[in-house]
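Q:
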Ligand SMILES: [Zn+2]
Ligand SMILES: [Zn+2]
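In full-length UniProt numbering, the protein residues as written are 1 to 340.
(1) State the Cα-Cα distance for the pair residue 187 and residue 97, rounded to the nearest angstrom.
(2) Residue 108 lies in the alpha helix (DSSP H); which residues open and close that run?
(3) Apart from the five residues on each side of it in sequence, which residues of its chain come closer than 8 Å, Cβ to Cβ, to residue 23?
(4) Helix, strand or coil for residue 249 per DSSP?
(5) Go to residue 309, then tell me how far its beta strand (DSSP E) extends in each direction, as first and last residue.
(6) Let me confirm a value: residue 340 is counted as buried when at least 16 other C-beta atoms fall within 10 Å, else exposed. Which label applies?
(7) Do residue 178 and residue 335 have their CB atoms nearer than 7 Å?
(8) Starting from the Cα of residue 226, find the closest Cα among 172, 239 and 272 and give me that residue.
(9) Under the three-state reduction of DSSP, which class applies to residue 266: helix, strand or coil?
(10) What is the chain-ordered set of residues for which the beta carbon lies under 5 Å from any non-hydrogen atom of ligand 1?
(11) Taking a cut-off of 7 Å, which residues have a beta-carbon closer than that to any heavy atom of ligand 2, in chain order?
(12) For residue 277, name the three-state secondary structure that DSSP assigns.
(13) According to DSSP, is residue 296 part of a helix, a strand, or is it coil?
(14) Within 10 Å of its beta-carbon, does residue 217 have 16 or more other beta-carbons around it, so buried, or fewer, so exposed?
(15) Less than 8 Å between the CB atoms is what I'm expecting for residue 233 and residue 258, so what's the real figure, rounded?
(16) I'd like to check one pair, residue 85 with residue 317: are the Cβ atoms closer than 7 Å?
(17) For residue 127, list the residues DSSP reports as bridge partners.
(18) Considering only C-alpha positions, which residue in the set 37, 57 and 9 is nearest to residue 50?
(19) Closer than 7 Å by C-beta to residue 56: which residues in its own chain qualify, once you throw out the five before and the five after it? Chain order, please.
(20) Got a sec? Which residues, its chain only, sit under 8 Å from residue 253 by beta carbon, not counting five neighbours each side?
(21) DSSP on residue 233, reduced to helix/strand/coil?
(22) Checking the sheet assignment: what are the DSSP bridge partners for residue 167?
(23) List the whole-angstrom C-beta distance separating residue 297 from residue 101, where the pair is believed to meet the contact cut-off of C-beta under 8 Å.
(24) Report the option in 189, 213, 333 and 192 whose CA atom is closest to the CA atom of residue 198.
(25) From the DSSP secondary-structure annotation, give me the bridge partner or partners of residue 88.
(26) By how many angstroms is the C-alpha of residue 328 removed from the C-alpha of residue 74?
(27) Can you tell me whether DSSP reads residue 209 as helix, strand or coil?
(28) List the whole-angstrom C-beta distance separating residue 106 from residue 89, where the pair is believed to meet the contact cut-off of C-beta under 8 Å.
(29) Whole angstroms is fine: what's the gap from residue 145's alpha carbon to residue 291's?
(30) Whole-angstrom Cβ separation of residue 375 and residue 148, contact assumed at under 8 Å?
(31) Please confirm whether residue 33 and residue 63 have their CB atoms less than 7 Å apart.
(32) Can you name, in chain order, every residue of its own chain whose Cβ lies under 6 Å from the Cβ of residue 164, other than the five neighbours on each side?
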């Protein structure tokens, strides 16, 4: 089969002919119909995910089940399924013995998690073998290219909103209107909250309003002047913008970090009113459990959130990577390995 392959740290993506995987016991073989590109694919390519090469990236995978391995329960040939970054855990280590739900934390704590596009093959390929229990069923009328970004962008931002525990009447600000942010904005709006888009890009203002923003501001100062926000959903991969936006955080407000910036630490300014005197909180957030994934897939199925996607064939991998890594992708790149 054809697959995109990371051959080494900071090496360009290659399209290679590789053996088609088979469904091992407990797995399903999925014909990949769409595979979304997350900025974490760039971090993985730059070496921040460890020495995982050669490996196929991609952890926003959806498609059709074409084979079912021995002992794989609950999935049948023809099922429309998706999977996320974490398919399964080892089941035996100290962390697994706690029997906590499968979340992003599992990947950080289990000694041998099956992570899509890291420990195991990712989705930017024609086929992928996935732990059957790590798949979710998709609504019948949700298009594959709209479903794929829900597996990380949707799951991540919905988990962030859930982790912020917003209360009725609170105002949600989404910092960064990109791959994650444009989804977060729609989710916050669909949940009935007053929303603010925080973006430095003037050309994104009109679109932010179309996506559900009640207000659009350029940064923390303007957010403060607008009356502030109770929740800052940080969806950018640059902490600088996140720190700046905190000038607009209301008393008892929560900053939720769901974007990754491996280049610098997140810091809290000591200028102005001290953070602790505002009783504010910084919350780390990741994929929070498959009940959250089901909620966001359901919202997508009902048309409450629809990603804006640019589609690519696997042969366009180099071009796609260039757009993704340079921040020019608007807003989610999705591979369609078998065409539209
Ligand atoms: Zn991701
Ligand atoms: Zn484990």
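In this text, a Cβ means the ideal position worked out from N, Cα and C, and glycines have one as well.
A: Quick answer:
(1) The count along the chain shown starts at 1 and reaches residue 187 at position 187. The count along the chain shown starts at 1 and reaches residue 97 at position 97. Roughly 34 Å between the two C-alpha positions.
(2) Walking along the chain shown from the start, residue 108 turns up at place 108. That run of the alpha helix (DSSP H) goes 104–109.
(3) Locating residue 23 in the chain shown gives position 23, counting from the first residue. Excluding positions up to five away in sequence, the list reads 29, 67, 68, 69, 72 and 129.
(4) By 1-based counting over the chain shown, the position of residue 249 is 249. Here residue 249 sits in strand by DSSP.
(5) Stepping through the chain shown from its first residue, residue 309 is reached at position 309. 309–312 is the span of the beta strand (DSSP E), which, as asked, contains residue 309.
(6) Here residue 340 is taken as the residue at index 340 of the chain shown, counted from 1. Counting Cβ neighbours within 10 Å, residue 340 comes out exposed, since fewer than 16 surround it.
(7) Locating residue 178 in the chain shown gives position 178, counting from the first residue. Locating residue 335 in the chain shown gives position 335, counting from the first residue. Cβ distance not < 7 Å, so residue 178 and residue 335 don't count as in contact.
(8) Reading the chain shown from its first residue, position 226 is the one you call residue 226. Among 172, 239 and 272, the Cα nearest to that of residue 226 is on 172.
(9) Position 266 of the chain shown holds residue 266. If DSSP states are grouped into helix, strand and coil, residue 266 belongs with coil.
(10) 38, 40 and 152
(11) Every residue whose Cβ sits closer than 7 Å to any heavy atom of ligand 2 is listed here in chain order: 89, 90, 91, 92, 93, 95, 96, 110, 111, 112 and 113.
(12) For the purposes of this step, residue 277 is taken as the residue at position 277 of the chain shown. In this structure, residue 277 counts as helix in the three-state DSSP scheme.
(13) Reading the chain shown from its first residue, position 296 is the one you call residue 296. Here residue 296 sits in helix by DSSP.
(14) The residue labelled residue 217 in the question sits at position 217 within the chain shown. Residue 217 counts as buried, since at least 16 other C-beta atoms from the protein chains shown sit within 10 angstroms of its C-beta.
(15) Here the question's residue 233 lines up with position 233 in the chain shown. Here the question's residue 258 lines up with position 258 in the chain shown. Indeed, because the Cβ distance is near 7 Å, the residues count as touching under 8 Å.
(16) Here residue 317 refers to the residue found at position 317 of the chain shown. Here residue 85 refers to the residue found at position 85 of the chain shown. In this structure, residue 85 does not lie closer than 7 Å to residue 317 by Cβ.
(17) In the chain shown, the residue the question calls residue 127 occupies position 127. Note: residue 127 sits in a beta bridge opposite 31.
(18) Here the question's residue 50 lines up with position 50 in the chain shown. It is 9 whose Cα lies nearest to the Cα of residue 50.
(19) By 1-based counting over the chain shown, the position of residue 56 is 56. Within the same chain, residue 56 has close Cβ partners 3, 4, 5, 117, 121, 122, 124 and 125.
(20) Along the chain shown, read from residue 1 onward, the residue named residue 253 stands at position 253. 228, 229, 230, 231, 232, 278, 280 and 281.
(21) For the purposes of this step, residue 233 is taken as the residue at position 233 of the chain shown. DSSP places residue 233 in strand when its eight states are reduced to three.
(22) By one-based count along the chain shown, residue 167 stands at place 167. None, per the DSSP bridge assignment.
(23) For the purposes of this step, residue 297 is taken as residue 297 along the chain shown, with counting starting at 1. For the purposes of this step, residue 101 is taken as residue 101 along the chain shown, with counting starting at 1. Between residue 101 and residue 297 the Cβ distance is about 16 Å, and since that is not below 8 Å, they are no contact.
(24) Walking along the chain shown from the start, residue 198 turns up at place 198. The residue with the shortest Cα to Cα distance from residue 198 is 213.
(25) The count along the chain shown starts at 1 and reaches residue 88 at position 88. Answer by DSSP bridge pairing, in chain order: 114.
(26) Taking the chain shown and counting its residues from 1, one reaches residue 74 at position 74. Taking the chain shown and counting its residues from 1, one reaches residue 328 at position 328. Rounded to the nearest angstrom, the two C-alpha atoms are 40 Å apart.
(27) Taking the chain shown and counting its residues from 1, the one referred to as residue 209 is at position 209. Looking at residue 209 - three-state DSSP - the assignment turns out to be helix.
(28) In the chain shown, the residue the question calls residue 106 occupies position 106. In the chain shown, the residue the question calls residue 89 occupies position 89. At roughly 5 Å, the Cβ-Cβ gap stays under 8 Å, so residue 106 and residue 89 are in contact.
(29) What you label residue 145 is simply residue 145 of the chain shown in a count that begins at 1. What you label residue 291 is simply residue 291 of the chain shown in a count that begins at 1. For residue 145 and residue 291, the distance between alpha carbons rounds to 21 Å.
(30) Nothing can be reported for residue 375, as the shown portion of the chain is limited to 1 through 340.
(31) In the chain shown, residue 33 corresponds to position 33, counting from 1. In the chain shown, residue 63 corresponds to position 63, counting from 1. Closer than 7 Å, so yes.
(32) By one-based count along the chain shown, residue 164 stands at place 164. Closer than 6 Å at Cβ, skipping near neighbours: 231, 254 and 256.
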